[in-house]
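Quick note, the sequences are listed as chains A, B, C and D, same order. Positions 2 to 351 (this note's numbering) are the ones given, in order, by the first sequence. Positions 2 to 351 (this note's numbering) are the ones given, in order, by the second sequence. Positions 2 to 351 (this note's numbering) are the ones given, in order, by the third sequence. Positions 2 to 351 (this note's numbering) are the ones given, in order, by the fourth sequence. All residues carry an ideal CB built from backbone N, CA and C; glycine is no exception. Working notes, beginning with the structure itself.
Protein chains: 4
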Amino acid sequence: MISKPGKKINAGIIGGAGYGGTELIKILLFHQKTDLSFVTSRKYAGTRVSEVNRFLSGLTELEFIDPDIEKLPEQPDIIFLATPHGTSMKIVPELIKKMPGAKIIDLSGDFRLDDPVIYRQYYGKDHTSAGLMGNFVYGLSELNREAIAGASYVANPGCFATGMIFAIYPLFSCGAVEKEITVVSVTGSSGSGELPKEVTHHPVRSKNFKSYKVLEHQHLPEIEKFFKGKFPGRDPEIGFVPQSGPFVRGIYTTVSIYNKNVTEEEIRNAFHRQYEKEKFVRFVESSPEIAAVYASNYVEVSFVYKKNFIIAMSAIDNLVRGASGQAVQNMNIMFGFDEDEGIQFPGMRP
Amino acid sequence: MISKPGKKINAGIIGGAGYGGTELIKILLFHQKTDLSFVTSRKYAGTRVSEVNRFLSGLTELEFIDPDIEKLPEQPDIIFLATPHGTSMKIVPELIKKMPGAKIIDLSGDFRLDDPVIYRQYYGKDHTSAGLMGNFVYGLSELNREAIAGASYVANPGCFATGMIFAIYPLFSCGAVEKEITVVSVTGSSGSGELPKEVTHHPVRSKNFKSYKVLEHQHLPEIEKFFKGKFPGRDPEIGFVPQSGPFVRGIYTTVSIYNKNVTEEEIRNAFHRQYEKEKFVRFVESSPEIAAVYASNYVEVSFVYKKNFIIAMSAIDNLVRGASGQAVQNMNIMFGFDEDEGIQFPGMRP
Amino acid sequence: MISKPGKKINAGIIGGAGYGGTELIKILLFHQKTDLSFVTSRKYAGTRVSEVNRFLSGLTELEFIDPDIEKLPEQPDIIFLATPHGTSMKIVPELIKKMPGAKIIDLSGDFRLDDPVIYRQYYGKDHTSAGLMGNFVYGLSELNREAIAGASYVANPGCFATGMIFAIYPLFSCGAVEKEITVVSVTGSSGSGELPKEVTHHPVRSKNFKSYKVLEHQHLPEIEKFFKGKFPGRDPEIGFVPQSGPFVRGIYTTVSIYNKNVTEEEIRNAFHRQYEKEKFVRFVESSPEIAAVYASNYVEVSFVYKKNFIIAMSAIDNLVRGASGQAVQNMNIMFGFDEDEGIQFPGMRP
Amino acid sequence: MISKPGKKINAGIIGGAGYGGTELIKILLFHQKTDLSFVTSRKYAGTRVSEVNRFLSGLTELEFIDPDIEKLPEQPDIIFLATPHGTSMKIVPELIKKMPGAKIIDLSGDFRLDDPVIYRQYYGKDHTSAGLMGNFVYGLSELNREAIAGASYVANPGCFATGMIFAIYPLFSCGAVEKEITVVSVTGSSGSGELPKEVTHHPVRSKNFKSYKVLEHQHLPEIEKFFKGKFPGRDPEIGFVPQSGPFVRGIYTTVSIYNKNVTEEEIRNAFHRQYEKEKFVRFVESSPEIAAVYASNYVEVSFVYKKNFIIAMSAIDNLVRGASGQAVQNMNIMFGFDEDEGIQFPGMRP
């Protein structure tokens with residue numbers, strides 16, 4: 002077990018057997034200000050976490066428990082929902098009723114939007130807790146820090162959305178966004194989750210590359226919402242092309258804007274200003290690299306401006322920064338812990 | 002050895018030990034209308050081809066010979082140059098003098114442009130045979146067939162350029178290109194050649210993704226030249242982002258155009274019209290996939306049009322369609338052979 | 002379509018939608034002495050082969066048909082069964098009754114053994130056509146050629162068994178096998194078939210390596226049977242460890258024997274003698290390499306003898322030499338065609 | 002920077018720019034009982050560690066310094082040598098003279114043997130500090146703990162040797178080793194170091210599998226030495242086949258012994274007894290998996306006994322347990338720290 006002297010809060014995870022939940026467990030086991038009290042999994046209830054995740058043997062004695070909210074073992078200070086889209090919206094009202102003091106961080110897409118009509122359009126189902134959509138703060142840690150600090154409920158951003166917003170934000174702030182934006186983003190296979198499926202079948206995936214949900218991926222509206230009104234008169238039109246690549250972890254995002262009315266220096270200053278004090282964000286001269294942020298909470302961004310094209314790029318790990326790492330960063334902000342507590346680990350080489 | 006009844010032409014390869022040259026040897030060994038007479042390699046002169054390429058054992062007795070043009074064994078009907086940029090432009094004048102009857106297909110970038118100034122800008126060196134630049138026909142087989150048929154000298158297109166032109170061409174022909182185009186293209190590691198280098202070091206490459214030569218890759222000007230004047234009043238502005246992905250073979254290209262003045266049907270018709278009779282080009286409904294064209298001369302293209310964004314995509318194998326396969330297709334066109342002779346092989350699953 | 006002048010036999014495939022069946026279709030489409038008359042698939046009946054296998058578009062107009070033997074379209078000269086273990090043994094009796102003149106090559110394990118008790122032990126089910134087990138000849142092409150030439154029914158060897166036998170055979174023939182043999186064999190993910198499952202889930206498989214069915218894999222008894230009595234007094238005891246590695250195609254086999262009573266020269270001579278005239282078998286000085294036989298019907302073998310250990314190694318492509326390629330080679334032998342017809346293609350680099 | 006309250010020792014790394022050194026830096030930066038004082042690199046002297054290893058940005062301000070022992074900045078308590086074979090033996094005598102109080106852990110092979118003749122035979126060069134060979138304790142942490150605890154100088158085991166010894170040791174202790182042992186071990190590409198070379202060229206490596214240095218790898222004699230005399234009358238004869246596989250991290254080891262005079266229970270008990278209290282060693286029922294120990298200091302072992310064959314298997318991460326992790330574990334033992342300090346991190350899924 003990991004030694005954790007001093008005072009700690011209690012955390013619980015609902016839906017902890019998937020890749021996002023596993024990453025969350027691993028981070029929280031080492032988090033010095035948190036005790037992980039329970040992890041639910043319908044499929045593995047009664048089985049030890051370290052049996053499902055052999056790599057955690059010796060680090061925890063926890064067993065998965067059934068996600069029955071009535072029977073959760075104790076009043077947690079914070080609950081992470083690592084449940085699929087459509088499940089979180091059913092659980093949240095119960096949680097709020099049963100555990101009114103608990104803060105909530107939802108890793109699904111259910112509370113990232115505030116408009117049930119758009120939710121329906123992109124997620125293909127009706128939102129059953131539409132009244133609560135407005136209660137969640139969008140958890141893009143570095144770019145919404147103040148609101149997160151005061152929030153009880155946080156909607157953790159989508160993995161694609163996270164990579165995209167880091168690349169686009171400085172372009173907005175320096176006025177480089179005057180018209181449409183093209184975004185091409187490629188993700189590794191871990192983004193499709195732990196269940197074997199056609200698209201993650203090794204014989205094919207390991208040498209394939211393709212696009213999917215072209216111009217209709219569900220991470221688009223959360224970005225539009227995030228930027229809406231932030232830079233008056235410049236709500237973006239975004240053409241977003243998600244792609245799957247033959248690797249396991251990481252998202253690489255390429256943003257393209259055409260603009261004659263900006264200088265390289267203005268853009269450079271905007272990136273610099275935005276990220277120079279952020280310990281998790283590296284503004285690099287050359288291209289961001291997935292290998293440099295692999296299995297970490299770090300973000301790399303860069304840009305090139307030439308012949309009126311602005312190309313901004315970012316690289317993140319989809320499971321850490323794109324999900325569980327950022328969720329813990331948000332928890333740190335919400336509870337006033339050091340923002341990098343538990344998520345300082347820096348990836349690896351090679 | 003492979004049985005080849007009937008009349009055949011003689012072909013030679015200069016610079017045959019790299020990945021492009023190897024693919025060319027393999028194709029020509031099975032080509033029913035061609036005898037492969039010689040293959041040069043400075044490094045491997047005197048060594049059997051099948052010693053350097055164990056997988057060709059039993060299929061050829063050829064030895065690599067020194068690339069001394071004075072000593073080439075016989076008058077070939079066609080010579081393929083699989084030499085690096087900068088080498089072809091030195092060899093071509095000698096070849097033309099020494100073997101005036103031989104047709105030439107150059108796989109390097111040396112004769113794809115017609116302006117030595119632009120060549121200097123993108124290739125970083127002076128063109129030493131600038132006077133011959135205008136003598137080469139651009140070898141994008143399906144889209145320049147007539148000119149190729151009548152050509153003595155063909156400049157084989159760059160791998161990125163090939164993928165890109167197939168995706169963009171129908172957009173031009175239906176009038177969808179009114180302003181700037183963004184192109185993001187990812188290539189496998191075989192595109193970097195057979196010499197080990199940092200960017201192809203397995204421990205890093207196999208989990209990395211990055212961009213390089215952003216907005217300044219040397220395949221850009223050949224595309225600009227190809228489209229220049231073809232569709233009057235619409236010379237494109239192209240922002241081209243080349244990327245390297247963690248796979249071996251293939252190029253996936255994503256083209257983005259913003260245009261309100263076109264219909265989905267017009268675009269669909271343009272793709273259909275352009276490619277319906279082409280046996281090597283598949284216009285697919287879903288995304289192109291590298292796995293579906295892997296190790297073959299086939300091309301997949303598709304598009305999506307939504308909210309004024311047109312996304313056109315293509316997938317090719319960089320070594321076959323992006324180099325040696327298309328070179329042989331061009332030879333077939335130049336000599337009046339069946340256009341698919343020797344390059345019908347269809348990839349594989351998985 | 003592929004041009005095929007001259008006389009041809011008719012071939013049919015039962016169970017043609019899996020990886021083995023697909024490879025078979027691809028080979029037969031180009032086979033100059035064979036017309037592919039039908040391919041069955043319960044799942045895809047009524048769908049075009051080229052819809053399921055986009056990479057075959059333009060090469061065939063065939064549709065998958067239902068595997069109802071009563072309705073098979075015409076009397077084929079040869080039928081390939083690319084069905085799973087347990088299915089072949091149900092189909093074969095019907096086939097023999099309905100199409101008495103047709104030769105059969107079964108790619109499953111159902112007819113590789115002659116003892117229903119051992120079948121039950123390794124395959125976990127009763128053999129329902131035990132009476133026919135003795136009617137099938139074991140299709141290890143180079144090492145059972147004569148029997149195959151005269152056979153009506155051939156049981157195509159298992160992929161592991163194929164790799165193993167090529168490495169072990171010369172050791173037997175030179176008397177190096179006096180006691181137990183250890184065999185460690187690693188296979189790529191395509192060996193697990195086309196259906197997504199845990200063991201082929203890309204996020205895990207692409208960085209994993211493990212053993213399975215240690216000392217109890219079902220390919221063991223067919224090897225024991227193959228060698229039984231061949232070298233009197235030396236029936237082998239084989240400890241076989243199958244492993245799965247993070248690649249798609251190929252099987253690499255390592256055989257270890259401890260023997261003080263043999264010389265390096267005797268072993269070398271045995272390998273040389275056995276394989277020098279075989280165009281598909283390369284006896285190499287260094288290690289066999291999967292990359293050198295990738296996607297081809299070729300086999301590489303080698304050995305090292307030092308300090309009384311004999312290490313013999315082989316590399317094959319599991320889907321070609323380990324399944325469909327060898328099946329076609331057997332057909333060529335059975336019908337007196339050139340033995341390499343349709344399977345000369347040599348893999349690729351890289 | 003990482004917060005480290007309390008008393009700490011000073012550590013230095015000589016040769017810190019390779020993969021082993023990088024992993025060591027990363028571990029020591031987070032090690033709560035150690036300050037990393039200096040890291041040398043001839044190639045990168047004067048460059049910041051975080052410039053060469055972007056993923057360490059923000060975690061250290063250290064610059065690489067020149068490996069001039071006269072100028073090392075301060076008296077360290079421990080020095081790690083992450084230098085290549087042949088370099089350590091030149092540096093060690095100087096270090097001992099200049100910094101007599103410093104403990105040394107050498108990650109190279111220079112001090113693992115005690116016989117310069119055998120060193121010459123396997124490493125191909127004369128040992129220039131043969132007199133010091135006997136002064137180093139072999140650092141197989143769990144199996145040589147007592148000696149390590151009292152040692153000033155530790156020779157860290159080879160990566161292959163580590164995997165192998167964990168699998169073999171219980172077989173010795175239960176008397177299962179009566180005669181020869183076959184070992185087949187496959188390593189990922191990171192084992193070949195950070196310099197691009199033929200064998201780690203991505204286009205080939207990512208689909209290749211081969212053996213190398215068959216029966217003559219330099220990790221063999223250190224195992225023989227380790228076991229020599231430990232189990233009287235049973236010095237092993239080991240046939241060792243190293244292999245390279247298409248993955249980045251990890252070593253999977255398969256050990257085969259033939260023995261009729263042992264029971265499964267005896268073997269099981271031996272494994273259980275040996276490892277039940279070891280937090281870094283997992284004795285598992287199914288196969289060890291590289292994915293389960295990836296990027297961690299953990300070891301998985303298991304065995305199968307059937308028909309007189311004993312197959313013992315192990316999986317480790319070659320850079321952590323096979324090099325830097327075990328080096329830090331040894332330091333922890335030498336200084337009386339918690340044995341898992343700094344190396345508790347558990348790998349990842351996926």
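Which bits of chain A does residue i rub up against, with CB to CB less than 7 angstroms?
{"i": "GLN345/D", "result": "ILE3"}
{"i": "GLY59/D", "result": "LYS280"}
8 angstroms is my cut-off, CB to CB: does residue i come that close to chain A?
{"i": "VAL249/C", "result": "yes"}
{"i": "SER193/B", "result": "no"}
{"i": "PHE310/B", "result": "yes"}
{"i": "PRO289/B", "result": "yes"}
{"i": "ALA293/D", "result": "yes"}
{"i": "LEU172/B", "result": "no"}
Does chain B have any CB closer than 8 angstroms to the CB of residue i?
{"i": "TYR45/C", "result": "no"}
{"i": "SER257/A", "result": "yes"}
Step through the CB atoms of chain C and report whether any lies within less than 8 angstroms of the CB of residue i.
{"i": "LYS261/D", "result": "no"}
{"i": "LYS226/D", "result": "no"}
{"i": "TYR20/B", "result": "yes"}
Identify every residue that forms a DSSP beta bridge with residue i.
{"i": "PHE241/D", "result": "VAL184/D"}
{"i": "ASP107/B", "result": "LEU82/B and ALA156/B"}
{"i": "ASP36/D", "result": "ASN11/D"}
{"i": "VAL138/D", "result": "VAL155/D"}
{"i": "MET314/B", "result": "THR255/B and SER303/B"}
{"i": "LYS211/B", "result": "SER245/B"}
{"i": "THR407/A", "result": "As displayed, chain A neither begins before 2 nor continues past 351, which places residue 407/A out of reach and without an answer."}
{"i": "HIS1/B", "result": "This structure does not reach residue 1/B, given that chain B is present from 2 up to 351, and the question cannot be answered."}
Closer than 8 angstroms by beta-carbon distance: list the chain A residues that pair up with residue i, in chain order.
{"i": "MET349/D", "result": "GLU24, LYS27, PHE56 and ALA296"}
Hey, could you find the ends of the alpha helix (DSSP H) residue i is sitting in?
{"i": "GLU301/B", "result": "Counting along the chain, GLU301/B falls outside any alpha helix (DSSP H), though it belongs to the beta strand (DSSP E) covering 300-307."}
{"i": "PHE272/C", "result": "265-276"}
{"i": "PHE227/B", "result": "221-228"}
{"i": "TYR123/D", "result": "117-124"}
{"i": "ILE218/D", "result": "As written in the sequence, residue 218/D is His, which differs from the Ile given in the question. From DSSP, HIS218/D is part of no alpha helix (DSSP H); its letter is neither H nor E."}
{"i": "THR23/C", "result": "20-31"}
{"i": "GLU340/C", "result": "Careful: GLU340/C lies outside any alpha helix (DSSP H) and carries neither H nor E."}
{"i": "GLU279/A", "result": "Segment: none, GLU279/A is in no alpha helix (DSSP H) and carries neither H nor E."}
Is there a Cβ from chain D that is less than 8 angstroms from the Cβ of residue i?
{"i": "ARG206/A", "result": "no"}
{"i": "ARG283/A", "result": "yes"}
{"i": "VAL118/C", "result": "no"}
So with CB distances below 7 angstroms, who are the chain C contacts of residue i?
{"i": "TYR213/D", "result": "SER288"}
{"i": "VAL305/D", "result": "VAL215 and LEU216"}
I'd like the span of the beta strand (DSSP E) that includes residue i, first residue to last.
{"i": "TYR253/B", "result": "252-259"}
{"i": "ARG283/A", "result": "282-284"}
Quick one: list the residues of chain C neighbouring residue i, beta-carbon separation under 8 angstroms, in chain order.
{"i": "PHE338/D", "result": "Residues of chain C passing the Cβ test: none, with the nearest at roughly 31 angstroms."}
What does residue i touch in chain D if you count any residue whose Cβ is under 7 angstroms from its own?
{"i": "VAL185/C", "result": "VAL185 and THR255"}
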